[in-house]
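Engineer:
In the working numbering, the protein residues as written are 3 to 302.
Okay, structure coming up:
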């Protein structure tokens with residue numbers, strides 16, 4: 003169990019008398035670590051927080067071993083948002099933007115007009131899956147909810163907020179018919195829980211405990227909560243992966259890069275700012291099959 007499970011976690015809940023499940027996510031420490039890597043303007047930091055929360059919620063809906071990637075692109079002030087969450091609930095994220103075009107009160111549509119959101123599920127074994135939805139909703143929650151409508155998956159809705167310090171989210175998902183068999187009864191139950199969550203304010207979602215949120219919304223329903231699952235910030239970059247990138251170029255091109263960069267190639271991780279250096283000796287060792295154990299400098 004992580005030391006930060008009380009601030010960074012997902013928590014599942016189910017309704018005992020209907021075919022609906024839910025998930026709550028809270029991010030503070032991991033969100034702060036992502037933001038500490040780059041000086042993001044407030045609207046960009048908030049949107050990146052929402053993407054982090056969304057990825058954590060989505061991983062909870064999947065049974066797989068691998069990586070979930072959310073990638074949003076546009077020709078607007080924010081050209082790229084990218085978040086990764088592993089099945090072990092390890093998060094990292096980054097945004098690319100033009101600070102001169104980011105207004106203090108910018109919305110999703112202001113930041114990423116005519117944008118697209120791509121969700122990629124990359125299992126360690128099996129085929130990759132990818133789906134795309136337009137970023138034309140009022141916010142990221144609406145876009146993700148629409149994605150599940152378009153992909154004809156189980157009805158799923160999102161409520162996600164971030165304020166630069168905390169990112170919180172709530173997901174509801176309708177399960178296959180088991181407890182409620184009649185279509186009208188299922189639909190009424192689904193609309194009931196959705197209507198209740200729609201009354202939740204951003205301030206309540208960001209500040210209240212899970213128990214308080216669920217009691218406030220569903221005190222007339224039978225809700226069962228499960229144990230929290232901790233989330234952490236962790237970058238998957240490594241010297242080995244950077245060395246493999248050089249090997250993929252071929253020996254001659256890698257050697258030429260060393261010459262062009264005055265004796266040492268620098269490979270920077272965009273997510274965490276870690277820097278890996280490879281000199282001519284390192285490159286020779288890589289292509290001789292000697293690995294990446296040479297003690298070249300690695301800087302933050």
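For each residue, glycine too, the CB sits at the ideal point set by N, CA and C.
These numbers come from a predicted model, not from an experiment.
(1) Could you tell me the distance, in whole angstroms, from the CA atom of residue 30 to the CA atom of residue 61?
(2) State the beta-bridge partners of residue 161 as determined by DSSP.
(3) Mind checking which residues open and close the beta strand (DSSP E) that includes residue 98?
(4) On a CA-only basis, which of 20, 196, 16 and 10 is nearest residue 188? Give me that one, please.
(5) If we define contact as Cβ-Cβ less than 9 Å, is residue 219 a contact residue for chain C?
(6) Are residue 12 and residue 56 touching if we call contact CB-CB under 9 Å?
(7) Can you confirm whether the stretch 70 to 79 touches the stretch 111 to 118 when touching is taken to mean that 3 or more C-beta pairs between the two stretches lie within less than 8 Å?
(8) On the CB-based measure, 16 or more other CB atoms within 10 Å of its CB, does residue 310 come out buried or exposed?
(9) Please identify the residue among 154, 262, 279 and 32 whose C-alpha is closest to the C-alpha of residue 91.
(10) Where in the stretch 232 to 264 do unbroken runs of the alpha helix (DSSP H), each at least 4 residues long, occur, reported from the N-terminal end onward?
(11) Can you list, in chain order, the residues of its chain with a C-beta nearer than 6 Å to that of residue 282? Leave out the 5 residues immediately preceding and following it.
(12) Reducing DSSP to helix, strand and coil, say where residue 114 ends up.
(13) Using the Cα positions of residue 132 and residue 69, report the straight-line distance between them to the nearest angstrom.
(14) Taking residue 76 as part of the beta strand (DSSP E), name the residues at either end of that continuous run.
(15) Can residue 311 and residue 137 be called in contact, C-beta distance under 9 Å?
(16) Quick one: what's got a C-beta closer than 8 Å to residue 220's C-beta in the same chain, skipping five residues either side?
(17) Kindly identify the DSSP beta-bridge partner or partners of residue 125.
(18) For residue 120, which beta-bridge partners are listed by DSSP?
(19) With three or more C-beta pairs closer than 8 Å as the rule, is the stretch 93 to 108 touching the stretch 37 to 46?
(20) When burial is assigned at 16 or more other CB atoms within 10 Å of the CB, is residue 134 buried or exposed?
(21) For residue 268, count neighbouring Cβ atoms within 10 angstroms of its own Cβ and tell me buried if that reaches 16, exposed if not.
(22) Going by alpha carbons, who is nearest to residue 79 out of 89, 180, 106 and 54?
(23) Could you name each continuous beta strand (DSSP E) segment of 3 residues or more that falls completely within the stretch 169 to 229, going from the start of the chain to the end?
(24) Are the beta-carbon atoms of residue 244 and residue 278 separated by less than 9 Å?
(25) Specify the secondary structure class of residue 28 as computed by DSSP and reduced to three states.
Structural biologist: With the structure as the only source:
(1) The sequence position of residue 30 within the chain shown is 28, counting from 1. The sequence position of residue 61 within the chain shown is 59, counting from 1. The alpha-carbon atoms of residue 30 and residue 61 are separated by roughly 18 Å.
(2) Counting from one through the chain shown, the residue named residue 161 turns up at place 159. The bridge partners DSSP lists for residue 161 are 172.
(3) Taking the chain shown and counting its residues from 1, one reaches residue 98 at position 96. Residue 98 -> beta strand (DSSP E) spans 92 to 99.
(4) As a position in the chain shown, residue 188 is number 186, starting the count at 1. Nearest option by C-alpha distance: 20.
(5) Judged by its chain identifiers, the structure shown contains no chain C, having just a single protein chain.
(6) By 1-based counting over the chain shown, the position of residue 12 is 10. By 1-based counting over the chain shown, the position of residue 56 is 54. Residue 56 is positioned such that its CB atom lies no closer than 9 Å to that of residue 12.
(7) Enough Cβ pairs lie closer than 8 Å, so yes.
(8) The first residue shown for the chain is 3 and the last is 302, placing residue 310 beyond what the model contains.
(9) The sequence position of residue 91 within the chain shown is 89, counting from 1. When only C-alpha atoms are compared, the closest one is 32.
(10) With a minimum length of 4 residues, the continuous alpha helix (DSSP H) runs that stay inside the stretch 232 to 264 are 241 to 249 and 253 to 262.
(11) By one-based count along the chain shown, residue 282 stands at place 280. Correct list, in chain order: 260.
(12) Locating residue 114 in the chain shown gives position 112, counting from the first residue. In the displayed model, residue 114 falls within coil according to three-state DSSP, outside both helix and strand.
(13) Counting from 1 along the chain shown, the entry for residue 132 is found at position 130. Counting from 1 along the chain shown, the entry for residue 69 is found at position 67. Near 12 Å, if we compare the C-alpha coordinates of residue 69 and residue 132.
(14) As a position in the chain shown, residue 76 is number 74, starting the count at 1. No beta strand (DSSP E) contains residue 76, which DSSP labels as neither H nor E.
(15) Outside the modelled stretch of the chain, which goes from 3 to 302, sits residue 311, for which no answer is possible.
(16) Walking along the chain shown from the start, residue 220 turns up at place 218. Contacts found: 17, 195 and 198.
(17) As a working note, residue 125 is residue 123 in the chain shown. Residue pairing by DSSP places residue 125 opposite 68 in a beta bridge.
(18) Taking the first residue of the chain shown as 1, we reach residue 120 at position 118. Per DSSP, 73 and 134.
(19) Remark: three or more beta-carbon pairs, one from each stretch, lie closer than 8 Å, so the stretch 37 to 46 and the stretch 93 to 108 are flagged as touching.
(20) In the chain shown, the residue the question calls residue 134 occupies position 132. Exposed.
(21) Here residue 268 is taken as the residue at index 266 of the chain shown, counted from 1. It counts as exposed.
(22) Indexing the chain shown from 1 puts residue 79 at position 77. Selected option, being the one with the closest Cα: 106.
(23) Within the stretch 169 to 229, the complete beta strand (DSSP E) segments at least 3 residues long are 169 to 176, listed from N- to C-terminus.
(24) Here residue 244 is taken as the residue at index 242 of the chain shown, counted from 1. Here residue 278 is taken as the residue at index 276 of the chain shown, counted from 1. Yes.
(25) Position 26 of the chain shown, counted from the start, is the residue given in the question as residue 28. It is a strand residue.
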